[in-house]
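Here's the structure, in structure tokens; my notes come after.
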Amino acid sequence: MIEDLFDLEQVTSQKSVIHSLDARVKIIVCCAAIVALVAVPYSPVVYTVSAVFFLLFLLLWALSKISPLIYFRRLLLALPFGFMLCGFQIFFKNRYYTDYHSLLELPLGIHIYFESIEFASILLVKFLVCYSFIVLLSSTSSLQDLLEAAGRLKVPPELILALGMMIRYLFVFGIIYRKVTDALKTRLFDPFDHRLPYRYRIVNMGYMMGSLFIRSLEQGERTYASMLCRGYGRDSYIFIKEKPFLRSDLIFLGLCLILIILVPLFCWYDPFSLICRFEVLPSSVQGF
């Protein structure tokens, strides 16, 4: 997983229509899609809205010219958490339903309800689509571009500074981890080699983790000392240069926002039923 950290920035350096967009546009589109999908009430309508949003994601991913294998690899990292979160829902009742129909009765009085399965599937669909847009955002924009875009969107500078330091030190931690694992490989130590005694592997893994955190702590202290020598203080902020939106960025942002806003409205509120309601209004009200 830590090795994938270095591949993350390599993917963001590719050339495509999506990569060339302003990072602010991608942040707004990603957040708008997530908020719009989460705001849709729990009902079968979520399937239709999620399908349209996922088609939008597939179109943007195709325009980014990134291999689908990268998406599936990053999706597999989060699927265990999503399945664990949604899988437990089938055993409990929730407030979105009033009547429940038991499909299966397990020992210890545990029931699996049809409504709970439907709720879990809706939750899983929301999770997959929202996570897909996050993968698209992280795969087409570098971490530094995202920080600068957040600053241009008026995110508090204290938060941007903290995130910037965390992102920078995350790569330092990854480099130290790579050095420690390379040192173990040169000594022919494999923690998954079943020929070695189990206790021996556990002890050496503990030593490795301890050495990793000690080296990281020492590197953090050296980094903080060098920052103080360069004038870092409580009033220090990251300088972010102003950058105007391009016409192509605004057109792309407008089209995506129109789609993201109208799809949930048309799926939740049937426009034809609204027209019929207006036609049967009393003449006095229509005249008004």
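Anchor point for the sequence shown: position 211 equals 211 in full-length UniProt numbering, and the numbering is continuous, going up by one each time. Idealized CB from N, CA, C, for every residue including glycine.
Beta-carbon separation (whole angstroms), residue i vs residue j, contact threshold 8 angstroms
i: leucine 257; j: alanine 32; result: 6 angstroms
i: glycine 82; j: phenylalanine 127; result: 5 angstroms
i: serine 139; j: isoleucine 27; result: Contact doesn't hold; Cβ gap of about 14 angstroms is too wide.
i: cysteine 267; j: valine 49; result: 5 angstroms
i: leucine 259; j: leucine 63; result: At roughly 15 angstroms, the Cβ-Cβ gap does not stay under 8 angstroms, so leucine 259 and leucine 63 are not in contact.
i: isoleucine 176; j: arginine 201; result: Not quite, the Cβ-Cβ distance comes to about 21 angstroms (not below 8 angstroms), so this is no contact.
i: proline 264; j: alanine 36; result: 5 angstroms
i: leucine 60; j: glutamine 89; result: So it is not a contact: roughly 30 angstroms between Cβ atoms.
From the options, residue whose alpha carbon lies closest to that of residue i
i: alanine 23; options: Ile214, Ile160, Leu153; result: Leu153
i: tyrosine 269; options: Pro68, Val45, Ile18, Leu21; result: Val45
i: leucine 246; options: Ser121, Val49, Val25; result: Val25
i: residue 315; options: Phe114, Ile260, Asn204, Arg74; result: Since the first residue shown for the chain is 1 and the last is 288, residue 315 is missing from the structure and cannot be characterised.
i: isoleucine 251; options: Ser116, Phe53, Val29; result: Val29
i: alanine 120; options: Gln14, Ile34, Tyr47; result: Tyr47
i: serine 9; options: Ser226, Leu253, Leu136; result: It is glutamate, not serine, that sits at residue 9 in the sequence shown. Minimum Cα distance to glutamate 9 is reached at Leu136.
i: alanine 150; options: Arg195, Phe53, Phe239, Pro41; result: Phe239
i: isoleucine 117; options: Glu242, Ser141, Leu161, Leu85; result: Leu85
i: proline 244; options: Glu148, Ala162, Phe54; result: Glu148
i: glutamate 242; options: Asp145, Val17, Leu77, Phe114; result: Asp145
i: phenylalanine 213; options: Val172, Ser20, Phe72, Leu69; result: Val172
i: histidine 19; options: Leu143, Tyr42, Ala162, Glu115; result: Leu143
i: methionine 227; options: Thr186, Leu161, Ala51; result: Leu161
i: leucine 253; options: Glu158, Ser13, Leu21, Lys15; result: Leu21
i: leucine 13; options: Tyr71, Ser141, Leu262; result: Note on residue identity: the sequence assigns serine, not leucine, to residue 13. Among Tyr71, Ser141, Leu262, the Cα nearest to that of serine 13 belongs to Ser141.
i: lysine 93; options: Tyr198, Ile70, Glu115, Ser43; result: Glu115
i: serine 43; options: Arg95, Cys229, Tyr198, Asp249; result: Arg95
i: phenylalanine 53; options: Val125, Gly174, Val155; result: Val125
Helix, strand or coil at residue i [DSSP, three-state]
i: tyrosine 269; result: coil
i: tyrosine 169; result: helix
i: tyrosine 42; result: coil
i: tyrosine 232; result: coil
i: alanine 149; result: helix
i: isoleucine 18; result: coil
i: isoleucine 66; result: coil
i: serine 34; result: It should be noted that the sequence gives isoleucine, not serine, for residue 34. DSSP places isoleucine 34 in helix when its eight states are reduced to three.
i: phenylalanine 83; result: helix
i: glutamate 9; result: helix
i: cysteine 276; result: Reliability fails at cysteine 276, whose pLDDT of 42 lies under 50, so the model's placement of it is uncertain and the value that follows must be treated cautiously. Three-state result, cysteine 276: helix.
Heavy atom of the ligand GDP within 7 angstroms of residue i beta-carbon
i: lysine 26; result: In the structure on display, the ligand GDP does not appear, and there are no ligands present to speak of.
Residue-level contact to chain D via CB, residue i, 8 angstroms cutoff
i: leucine 77; result: The structure shown contains no chain D; it is built from a single protein chain.
> Quick one: any contact between the stretch 122-135 and the stretch 219-227, if contact means 3 or more CB pairs under 8 angstroms?
Replying inline: The stretch 122-135 is not in contact with the stretch 219-227.
> Counting Cβ pairs closer than 8 angstroms, one from the stretch 177-187 and one from the stretch 202-216, do we hit at least three?
Replying inline: Counting Cβ pairs under 8 angstroms, three or more are found: they touch.
> Can you find at least 3 beta carbon pairs, one from the stretch 166-178 and one from the stretch 107-119, that sit closer than 8 angstroms?
Replying inline: Counting C-beta pairs closer than 8 angstroms gives fewer than three between the stretch 166-178 and the stretch 107-119, which falls short of the contact rule.
> Enumerated in chain order, which unbroken segments of the beta strand (DSSP E) with a length of 3 residues or greater are wholly contained in the stretch 177-251?
Replying inline: Counting only runs of 3 or more, we get nothing.
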